[in-house]
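Only one structure is covered here, and it is reproduced in the block below.
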Amino acid sequence: MGIRTLRQFYVGGQIENLLEIMRAGRELKGLVKSKQSLADYPAYSPVFSLQEILLNIREWNQLEGHNKVNSVAFSPDRKMLAVGSDGSIKLWNLTTGKEIASLTTGNKSEINSVMFSPDGTTLASASEDTTIKLWNVAKGKEITSLTGHEESVQSVVFSPDGTTLASGSKDTTIKLWNVAKGKEITSLTGHEESVQSVVFSPDGKTLASASWDKTIKLWNVATGKKIASLTGHQINVDSVAFSLDGTTLASASSDGSIKLWNLATGKEIASLTGHEESVQSVVFSPDGKTLASASWDKTIKLWNVLTGKDIPSLTGHQDYVYSVAFSPDGKMLASGSGDSTIKLWNVLTGKEITSLIGHQTRVESVVFSPDGKTLASASLDNSIKLWNVATGKETVSLTGHRQTVESVVFSPDGKTLASASSDKTIKLWNVATGKETASLTGHQETVGSVVFSPDGKTLASASVDKTIKLWNVTTGKETASLAGHQGYVYSVAFSPDGKTLASGSRDKTIKLWNVTTGKEIYSLTGHQEGGRSVTFSPDGKTLASASWDKTIKLWNVATGKEIASLTGHQDWVSSVVFSPDGKTLASGSGDKTIKLWSLDLDDLLAQGCNYLKDYLATRDELRQEICPNK
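Sequential numbering of the sequence shown, starting at 21, is according to my numbering.
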């Protein structure tokens, strides 16, 4: 169900598909035990489909009650919505979702456009009967009727200061009116077909118009001259609206889609789909966070403009992110970047705490000590640095490697640090003294990754020479060499019980090894490029792998089967790590971002209920089914 619903989500009916996947999530929740491992779930798709929908959904609510909806407008205080239909205008209370009043024109001519004045006291309506009417909102009475257009008036809008009214008509003209006098100021010509929508920019200096000639035109209000013509729609453009900051334009078309445009570049930003018939009107709320659209499919859709974002991302690095690590308590994340800095992040807020500066070039690896008080970093500058997490100060710099230090890791007791280098060696360091205690040799090429077993007695290393070596930490002697990969081995990780080793390679495979016998258990295939990083979940039942193919894959360790493929990064994924509680996955990428992925079904269901609270407010029976505890 999850995959099918996800496909439908991108075609249309966003709220309907969120409700369907929430039902599937509820059913799945009833089948799993408290704290059951993700790898043991009877189905995975509802978890990941729910996450993707929540991260991409924009539709917020639906108001029902019209035969055909032509136009919508928010009141300035966002407490009311005006909706134009056939011969009437309905006013809705947005808090309750209830109808407040119905304004009638006296004939059955369709109301093509409605708009509140900036102070909210006056409503303007444009009609098929060629007139524009001004209404007293409080009394629900008509104030005056403006005439001058030769054909149906399709759109009407107030200037930001409320002194001027603009109207677009089927007669291909746009007229500007003096509101106080009810007189025409000027007429703008240039469109070749009906002008369906007009809107002022927030500063009142520019007017945008949408036409059946498939173009959007921008006009200088003071001079009445055309500034630009935006093209891209293949069918009639029926409505246009500026964002609050004036940088984005929304347009609605007869093809049922809504497009967002960047006015600085003239490029399309997004296409919102969900309506089943022509979209006649679109408008931003006063705070710029919500977009309302009215359609001939008899629905009004409310879209959350801000939540069209990708997976929550931590941004701030100026170059590739090579490594990420959670603190032992899971509250902090460290990241190492090609910009030579290490950043510490608050996981809950996604905010940067501090930036550690000291390395001369790229930071390849970062890791917290078991007590969370110290951070170790490895760099292309051949050095390893230890940092006081509380103060952000460097405490010591360990030197000895002759080339890039690719990876660092603390022993489970925090007393020893192991480092892997391009100089083909692995070094062991006494954390307290900063002194080198041993240098392990045996690899024929760069050693890219090193990790301690959970008991601290064994060290595993991965190399460009295509092998994985196991070392006795006490003696510094090699105990085994695991061969089988056909390309560079980039990363190794022990399972929490120390019995299994995972490795990621340039040969596009992830391998699981029996540590005791040195034998390969599974070879996991699915990545289209090399596996850059591997990590086990805290319970050892799930493995995550990061790849040059821009994806992260989750695997069931017991069966070797792929659970899910997480997409969202725009460049190769360099590092991946589970939070200590296993509910969150962090990934670092060449796109300079760190992403946090939720793997907790309860959390995702709670997010879904929170998102749907306005929609469910007037649908008690549905609320009890989908969100029974809300």
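No residue lacks a Cβ here, since even glycine has one placed at the ideal position from N, Cα and C. Bear in mind the structure is a predicted one, so any value in this text is a computation, not a measurement.
Rounding to the nearest angstrom, what Cα-Cα distance links residue i and residue j in this structure?
| i | j | result |
| --- | --- | --- |
| Leu26 | Glu498 | At Leu26 the pLDDT is 45, less than 50, meaning the model places this residue with poor confidence and gives no usable figure here. |
| Ala458 | Ala452 | 15 Å |
| Ser389 | Thr520 | 23 Å |
| Asp693 | Asn240 | In the structure as shown, the chain starts at 21 and stops at 650, and residue 693 therefore has no counterpart that could be examined. |
| Leu39 | Ile646 | 7 Å |
| Gly551 | Ser594 | 9 Å |
| Asn630 | Asn90 | 30 Å |
| Trp568 | Leu208 | 54 Å |
| Thr445 | Ser511 | 16 Å |
| Pro348 | Pro600 | 6 Å |
| Val134 | Asp622 | 43 Å |
| Ile377 | Leu605 | 26 Å |
| Lys581 | Ile530 | 11 Å |
| Asp391 | Met100 | 54 Å |
| Lys435 | Thr268 | 55 Å |
| Ile331 | Glu456 | Only weak support exists for where Ile331 lies, its pLDDT of 41 falling under 50; the coordinates are left without a value. |
| Asp233 | Asn256 | 6 Å |
| Ser137 | Ser172 | 21 Å |
| Val383 | Ser357 | 5 Å |
| Leu250 | Ser343 | 43 Å |
| Gln464 | Gly588 | 36 Å |
| Leu625 | Asn156 | 44 Å |
| Asp634 | Asp640 | 11 Å |
| Val596 | Lys49 | 27 Å |
| Gly412 | Thr374 | 7 Å |
| Ile205 | Ala186 | 10 Å |
| Asp60 | Lys53 | 10 Å |
| Ile488 | Ala440 | 12 Å |
| Arg46 | Leu406 | 46 Å |
| Ser585 | Trp575 | 9 Å |
| Glu130 | Val103 | 12 Å |
| Leu619 | Phe346 | 16 Å |
Between which two residues does the alpha helix (DSSP H) containing residue i stretch?
| i | result |
| --- | --- |
| Gly628 | Leu621 to Tyr631 |
| Gln34 | Gln34 to Leu51 |
| Gln423 | Here Gln423 belongs to no alpha helix (DSSP H), and DSSP marks it neither H nor E. |
| Ile646 | Asp640 to Ile646 |
If you drop the 5 nearest sequence neighbours on each side, which residues of the same chain put their C-beta closer than 6 Å to that of residue i?
| i | result |
| --- | --- |
| Asn408 | Thr415 |
| Leu238 | Thr226, Ala228, Ile247 and Ala248 |
| Thr142 | Leu154 |
| Arg526 | Gly507, Tyr508 and Gly550 |
| Asp443 | His421, Arg422 and Gln423 |
| Ser315 | His295, Glu297 and Val299 |
Would you kindly report the start and end of the unbroken beta strand (DSSP E) that includes residue i?
| i | result |
| --- | --- |
| Lys309 | Unbroken run through Lys309: none, as it is neither H nor E. |
| Asn127 | Premise fails: Asn127 is in no beta strand (DSSP E) and is neither H nor E. |
| Ala508 | Before going on, a small fix: residue 508 reads as Tyr here, not Ala. Element bounds for Tyr508: n/a, residue is neither H nor E. |
| Val177 | Val173 to Phe178 |
| Tyr342 | Val341 to Phe346 |
| Trp232 | Here Trp232 belongs to no beta strand (DSSP E), and DSSP marks it neither H nor E. |
| Ser565 | Thr562 to Ser567 |
| Arg552 | Gly551 to Phe556 |
| Gln216 | Val215 to Phe220 |
| Ser543 | Glu540 to Thr545 |
| Val596 | Val593 to Phe598 |
| Ala637 | Careful: Ala637 lies outside any beta strand (DSSP E) and carries neither H nor E. |
| Gly468 | Val467 to Phe472 |
| Ile530 | Thr529 to Asn534 |
With distance defined between alpha-carbon atoms, name the residue in the options nearest to residue i.
| i | options | result |
| --- | --- | --- |
| Val554 | Pro138, Ser469 and Ala626 | Ser469 |
| Val218 | Phe262, Ala44 and Lys539 | Phe262 |
| Ser360 | Asp349, Lys393, Asn402 and Leu311 | Asn402 |
| Leu196 | Ile152, Thr235, Leu111 and Lys159 | Ile152 |
| Thr494 | Ala482, Gly546, Lys447 and Arg382 | Lys447 |
| Ser108 | Asp97, Thr192 and Ala121 | Ala121 |
| Thr167 | Tyr508, Ala146 and Lys405 | Ala146 |
| Glu372 | Gln71, Gln627, Ile614 and Lys49 | Ile614 |
| Gln644 | Ile35, Thr461, Arg43 and Ser525 | Arg43 |
| Thr124 | Ser105, Asn113 and Phe136 | Ser105 |
| Ala410 | Ser179, Gly358, Lys393 and Ala398 | Lys393 |
| Ser19 | Asp317, Asn282, Gly308 and Thr285 | Any question about residue 19 goes unanswered here, given that the chain covers just 21 to 650. |
| His169 | Ala158, Lys203 and Asp139 | Lys203 |
Within a Cβ cutoff of 7 Å, which residues of the same chain sit near residue i, ignoring the five residues on either side of it in sequence?
| i | result |
| --- | --- |
| Ala637 | Gly117 |
| Asp339 | Ser357, Gly358, Asp359 and Lys612 |
So is the beta-carbon of residue i under 7 Å away from any non-hydrogen atom of the ligand GTP?
| i | result |
| --- | --- |
| Val425 | Absence of the ligand GTP is noted for the structure shown, with no ligands found whatsoever. |
So, for residue i: in the same chain, excluding its five sequence neighbours on each side, which residues have a beta-carbon less than 8 Å away from its beta-carbon?
| i | result |
| --- | --- |
| Ala200 | Thr183 |
- request: Within the segment 359 to 419, note down every full beta strand (DSSP E) run reaching 3 residues or more, in order along the chain.
  value: Counting whole runs of 3 or more residues, the segment 359 to 419 contains the beta strand (DSSP E) stretches 361 to 366, 372 to 377, 383 to 388, 394 to 399, 404 to 408 and 413 to 418.
Length-filtered (3 minimum) beta strand (DSSP E) runs lying within the segment 93 to 164: Runs found: 100 to 104, 108 to 113, 118 to 124, 131 to 136, 142 to 147 and 152 to 156.
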